[in-house]
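The block underneath contains the structure these notes are about, expressed in structure tokens.
There are 2 protein chains.
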Amino acid sequence: MPAVPTPTRRRRTEPLRCTGCERGVDCLGAALDEGSAAGRMSRTGLERGDHLYRMGEPSDSLYVVSGGAFKSYVVTPDGGEQVLGFVLPGDVLGIDSLTHPHFQSSAVAIAPARVCRMPAEAIRLRIGESPDFRERLTARMGREIQRLQRLLHLGRCTAEQRVAVFLLNQSAQTEGVGFAGRAQRLPMSRRDIGQFLGLATETVSRVFTRLQDSGALRCRRTSIEIRNVERLMEIARVGLPLRRGG
Amino acid sequence: MPAVPTPTRRRRTEPLRCTGCERGVDCLGAALDEGSAAGRMSRTGLERGDHLYRMGEPSDSLYVVSGGAFKSYVVTPDGGEQVLGFVLPGDVLGIDSLTHPHFQSSAVAIAPARVCRMPAEAIRLRIGESPDFRERLTARMGREIQRLQRLLHLGRCTAEQRVAVFLLNQSAQTEGVGFAGRAQRLPMSRRDIGQFLGLATETVSRVFTRLQDSGALRCRRTSIEIRNVERLMEIARVGLPLRRGG
DNA sequence: CGTGCGCTTGAGACGCGTCAACGTGCGTGG
DNA sequence: CCACGCACGTTGACGCGTCTCAAGCGCACG
């Protein structure tokens, strides 16, 4: 996923109705696809590496991820990437740009993905007529604020703590609350994880190795299995040695 | 401002109408104090060290700061404080808890302060009847998301960069865009600044000294004067040596 | 005029970033 | 089907920035 090479492109876009969708009525899209906003959504497929949108482009919609995985990031003044988060099915993309005419971040697929597009004008319509939709949208923004606040705290922890928290979150997000010793697939690279957690790629790799040596983890490239949840939670809680830098 | 000693208390609360308020019509309070929500606001004064609210308490309102300064923070699992930001007149307090039944962070006055309380039920009323108020509130949440995203990036910078950015922001916020070489007052302690920027108190102090020695700054305790804005901006942009840790 | 808290300054330790080299899986083309 | 290339991952050596610990300083308070 280099800086500019691949253009922002969206493939195989088609109209969409949410009735009968496997995501069910809890989906934000289902709440939108009613009233005067009904029938305005569309679904798009993306390949790994495709950008859904780029920072600076006109922002005219919100997206519900219905499959695959995305990386949300901003390019820092010095040319680096700051990963804001990984976005999985059920999550919403573009909510940080909802109040801006241009996207404030970029989103790129890190696995073959599908999204449901909710056009801005449909959102505006639905906001005006549905208190329920309003509340869901506001709740999403509130959750994003919470997430960023927690992320802020992560930035003050040791490498072990960051990775432990990341793995636990990832596990909880993909498998629900009960994360057993089942192997799962990490769609993002070590580099992505590092840019998310504020660590060098090498450090992420070293921590993975260390966790594996201690028996808390079993991982081979993108496949990963948590073997000792409690140990990870303990690390996440107190950190292994101390706070940071000394 | 220790962890628990002083209880959450609000002094001298009185009813309030926004007509004739010096903050003018751009204030979120003025937009609330209309329609069926009119006349429901109240104003409270706080002393330095008073808590406006604490994390975990039932959250039933939003506050517009009309004077003084606040520190917003959360207590981390290990007992430390993570400062989320300093809140100045015109800013809104409690927006991160708007979608929650309980406050998700604490707010304490770091200088004698005044706030205008906007009760949750009044907000709900006004949201239902005023698209303008809705948009303002959503815009506030969007700005908070943006702020936290930038803060996230700050966490990856050198100590010099963090302090430089902090000082420039602080200066811009208190004096508007044009920040000349006028001395201003920093209401927060070195410890607060450190907990905000993710630095040890001693490091903050050292950076201040270094910036002063280089002629970019003149500071004596809480009084501070930016003597070379461009130098600070240069530091903020590229960082002095390199990224971090090496 | 004491007393305490916040700020400053110094010395030492250490985690993590950088640089560099090697291993490994995967896709491509001969 | 194998050889090759390339991107990603791993491992090691080393240096630097910042944290910790500790002492001294100075302003503001009673």
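Residue numbers (this note's numbering), protein chains in the order written: chain A, 15 to 260; chain B, 15 to 260.
Glycine included, each C-beta is placed from N, C-alpha and C at the ideal position.
Taking Glu158(B) as the centre and dropping the five residues before and after it, the same chain places the C-beta of Ile109 and Asp110 closer than 8 Å to its C-beta, in chain order. Within chain B, the C-beta atoms nearer than 8 Å to that of Val88(A) come from Gln163 and His167, in chain order. Taking a Cβ-Cβ threshold of 8 Å, none of the residues of chain B is close to Arg176(A); the smallest such distance is about 11 Å. Shown here, Arg196(A) sits in coil according to DSSP, grouped into three states, outside any helix or strand. Taking every protein chain shown into account, the CB of Ala197(A) has fewer than 16 other CB atoms within 10 angstroms, so this residue is exposed.
The alpha carbon of Gly142(A) has as its nearest neighbour, out of Glu48(A), Gly59(A), Gly212(A) and Leu162(A), the alpha carbon of Glu48(A).
Contact between the stretch 168-176 of chain A and the stretch 244-254 of chain A is present, with at least three C-beta pairs closer than 8 Å. Rounded to the nearest angstrom, the gap between the Cα atoms of Ser73(A) and Leu139(A) is 17 Å. With contacts defined as CB atoms closer than 9 Å, Leu76(A) and Arg150(A) fail to qualify as a contacting pair. Rounded to the nearest whole angstrom, the C-alpha separation of Val179(B) and Gln209(A) is 21 Å.
Linking Arg241(B) to His116(B) through their CA atoms gives a straight-line distance of about 43 Å. Residue pairing of Val88(A) in beta bridges, as defined by DSSP: Gln96(A).
Sequence-ordered contacts of the stretch 203-229 of chain B with chain A read Gly212 [C-beta pairs closer than 7 Å].
Following the DSSP letters along the chain, one finds Thr217(A) inside the alpha helix (DSSP H) bounded by residues Thr215 to Asp227.
Within chain A, the C-beta atoms nearer than 8 Å to that of Asp110(B) come from Gly156, Ile159, Gln160 and Gln163, in chain order. The three-state reading of DSSP puts Gly81(B) in strand, counting E and B together.
Under the 9 Å criterion on CB atoms, Ala153(A) is classed as interfacial with respect to chain B.
Residues of chain A whose Cβ lies closer than 8 Å to the Cβ of Leu98(B) are, in chain order, Gln163 and Leu166. Not flagged as an interface residue toward chain A: Gly104(B), since no C-beta distance is shorter than 9 Å. Around the beta carbon of Thr27(B), fewer than 16 other beta carbons sit within 10 angstroms, so the residue counts as exposed. In the DSSP annotation of this structure, the continuous segment of the alpha helix (DSSP H) that includes Ser185(A) starts and ends at Ala173 to Glu189.
Per the Cβ contact rule, the stretch 155-170 of chain B is not in contact with the stretch 77-96 of chain B (fewer than 3 Cβ pairs under 8 Å). Contacts with chain B at 9 Å (Cβ-Cβ) do not include Ser120(A). Annotation for Val122(A): Met15, Gly63, Asp64, His65, Leu66, Phe84, Lys85 and Tyr87 place their beta carbon closer than 8 Å to its own, counting only its chain and skipping 5 residues before and after. For Pro91(A), the neighbours in chain B by C-beta distance under 7 Å run, in chain order, Arg251.
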